[in-house]
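Novice: Numbered as in our numbering, the sequence shown ends at 353 without a single skipped number.
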Amino acid sequence: MYELVKRLTELTGPTGYEDEVQAWVADTWRERGLRVERTPIGNLMARVGGTGPKLLIGAHADEICFRVKSVDEQGFVWLTAGRGMGEQRLPEPVPLGLVAEILTEAGVVRGTFVTVTGHVMTRQQRGRAERHGMDWMDFYVDIGARTRADAESLGVHPGCAVINAVTTRREGRNIVGKAMDDRAALAIMTAMLEGLDRSRLRYEVWFTSTVAEEIGLIGARSVAAGFDLGLIVEVGLAGDIPLVDRRQMPVSLGAGPVVVHKDMSLPYSAAPTRALIQVARTAGIPFQHAVFQNFASDGREWIQEGVPTAMVAFPCRYTHSPNETVDESDLARTVDLLRAFVTTPGDRG
Ligand SMILES: [Zn+2]
Numbered sequence: 005m006y007e008l009v010k011r012l013t014e015l016t017g018p019t020g021y022e023d024e025v026q027a028w029v030a031d032t033w034r035e036r037g038l039r040v041e042r043t044p045i046g047n048l049m050a051r052v053g054g055t056g057p058k059l060l061i062g063a064h065a066d067e068i069c070f071r072v073k074s075v076d077e078q079g080f081v082w083l084t085a086g087r088g089m090g091e092q093r094l095p096e097p098v099p100l101g102l103v104a105e106i107l108t109e110a111g112v113v114r115g116t117f118v119t120v121t122g123h124v125m126t127r128q129q130r131g132r133a134e135r136h137g138m139d140w141m142d143f144y145v146d147i148g149a150r151t152r153a154d155a156e157s158l159g160v161h162p163g164c165a166v167i168n169a170v171t172t173r174r175e176g177r178n179i180v181g182k183a184m185d186d187r188a189a190l191a192i193m194t195a196m197l198e199g200l201d202r203s204r205l206r207y208e209v210w211f212t213s214t215v216a217e218e219i220g221l222i223g224a225r226s227v228a229a230g231f232d233l234g235l236i237v238e239v240g241l242a243g244d245i246p247l248v249d250r251r252q253m254p255v256s257l258g259a260g261p262v263v264v265h266k267d268m269s270l271p272y273s274a275a276p277t278r279a280l281i282q283v284a285r286t287a288g289i290p291f292q293h294a295v296f297q298n299f300a301s302d303g304r305e306w307i308q309e310g311v312p313t314a315m316v317a318f319p320c321r322y323t324h325s326p327n328e329t330v331d332e333s334d335l336a337r338t339v340d341l342l343r344a345f346v347t348t349p350g351d352r353g
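1) Tell me whether the beta-carbon of Ile167 lies closer than 8 angstroms to the beta-carbon of Glu105.
2) Using 8 angstroms as the threshold, is the C-beta distance between Ser213 and Ala65 below it?
3) Taking the C-alpha atoms as reference points, what is the distance between Gln26 and Gly131?
4) Where does Met141 sit, in a helix, a strand or coil, going by DSSP?
5) With respect to 7 angstroms, is the separation between the Cβ of Val25 and the closest non-hydrogen atom of ligand 1 below this value?
6) Could you tell me the alpha carbon to alpha carbon distance between Gly353 and Arg304, rounded to whole angstroms?
7) Arg152 to Arg114, Cα distance in whole Å?
8) In chain order, what are the residues with a CB under 6 angstroms from some non-hydrogen atom of ligand 1?
9) Quick check on Val29: buried or exposed, where buried means 16 or more other Cβ atoms within 10 Å of its Cβ?
10) Pull the bridge partners of Glu41 from the DSSP assignment, please.
11) Three-state secondary structure (DSSP) at Ala169?
12) Let's see if you can read the secondary structure: which residues bound the beta strand (DSSP E) around Gln292?
13) Is Val239 near Asp186, with beta carbons less than 8 angstroms apart?
14) In angstroms with no decimal places, state the Cα-to-Cα distance between Lys10 and Glu67.
15) Within a Cβ cutoff of 6 angstroms, which residues of the same chain sit near Gly159, ignoring the five residues on either side of it in sequence?
16) Is DSSP giving Leu15 helix, strand or coil here?
17) Return helix, strand or coil for Val180, following the three-state DSSP convention.
18) Mapping DSSP to helix, strand and coil, what is Val108?
19) Is it buried or exposed, Ser301, if we count other Cβ atoms within 10 angstroms and call 16 or more buried?
20) Helix, strand or coil: which one does DSSP assign to Phe345?
21) Output yes or no for whether 8 angstroms exceeds the beta carbon distance between Glu22 and Thr172.
22) Per the DSSP calculation, Val330 is bridged to which residue(s)?
23) To which residues of the same chain is Val98 closer than 6 angstroms at the C-beta, ignoring the five residues directly before and after it?
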């Protein structure tokens with residue numbers, strides 16, 4: 005599982021440029037016997053097998069990113085949001101000091117996310133930083149250019165996508181890296197195929213890997229038509245860290261997958277959610293219940309397309325940061341839960 009997660013999270017796939025991820029996933033699913041198709045906007049659709057109600061299991065390929073807003077006369081690169089809501093939404097948190105990778109037609113240009121430091125700050129700047137924290141014009145990427153022409157010659161221009169270059173690694177019992185949201189879910193789905201006896205499937209099971217989730221669930225709508233049931237696999241929120249009140253978020257790392265009953269955009273469908281819980285109990289898989297605030301998933305689009313949909317999540321600390329943190333046992337138990345679900349008969353409509 006660790007190797008799969010490391011491979012998938014280290015791929016480059018900012019919203020709008022998911023090709024590298026989708027190519028890897030398509031190849032890997034094909035190697036495991038799936039027939040995989042790519043839709044015109046880039047979603048993957050893959051039939052796993054089985055007969056029965058048509059069940060779509062999905063995760064998204066894209067990762068949190070920035071876009072280049074401008075390049076100044078000295079060749080410094082200024083950023084805006086890669087997500088929806090534009091600049092009303094500040095980056096959470098600003099990845100200062102980390103390596104930036106700017107995707108250009110000519111390849112990847114590396115730089116560093118930086119801001120002014122104490123030695124050269126004015127008293128006014130220091131006061132503002134203390135009072136208000138960072139805003140979009142308080143940090144930029146230094147790519148080592150000396151002029152705008154320098155930067156342009158490397159292929160950097162407004163519109164280029166920018167991500168954090170991060171190596172996924174083990175730290176104690178944690179796995180830490182970028183894009184656990186939602187590549188760890190793609191790892192879970194891929195692991196689910198390992199040794200899966202397709203003759204035991206109680207559904208006609210399909211997988212999808214969607215594009216452009218992080219900017220407002222854009223890719224998901226067009227994949228849902230014709231399905232009887234949906235199951236979203238997503239990053240979950242964990243509250244077992246200092247500075248988070250457990251009454252605010254009771255989910256912990258290492259306590260198993262999370263059955264999400266509601267998020268900020270919808271209640272997940274009651275029948276498949278109950279079925280998920282029943283399957284977990286019968287199979288003896290530990291799990292957690294949660295409601296996610298400030299969170300939405302592709303499930304909103306599926307339900308609006310008329311497909312009853314449930315969501316299962318793996319707990320994760322520091323979501324939407326370059327150090328998203330998960331516990332391998334939660335990922336393994338999510339695989340177990342999904343396998344138990346697809347091989348358990350029952351009316352889940
Ligand atoms: Zn996600």
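Even for Gly, the Cβ is constructed at its ideal location relative to N, Cα and C.
Specialist: According to the structure data:
1) If you check the CB distance, Ile167 and Glu105 come in under 8 angstroms.
2) yes
3) 46 angstroms
4) helix
5) no
6) Below a pLDDT of 50, predicted positions are generally treated as unreliable, and Gly353, at 43, falls in that range; no measurement from the model is reported.
7) Those two C-alpha atoms are separated by around 16 angstroms.
8) Around ligand 1, the residues selected by a Cβ distance under 6 angstroms to any of its heavy atoms are His64, Asp185, Asp186, Glu217, Glu238 and Val239, following chain order.
9) buried
10) Met49
11) Per DSSP, reduced to three states, the secondary structure at Ala169 is coil, with no helix or strand assignment.
12) Gln292 to Val295
13) Result yes, Cβ atoms of Val239 and Asp186 sit closer than 8 angstroms.
14) Between the alpha carbons of Lys10 and Glu67 lies a distance of about 14 angstroms.
15) Thr108, Glu109 and Ala110
16) coil
17) strand
18) Per the sequence presented here, residue 108 reads as Thr, with Val not at that position. DSSP places Thr108 in strand when its eight states are reduced to three.
19) buried
20) helix
21) no
22) Ile179
23) Met138 and Phe143
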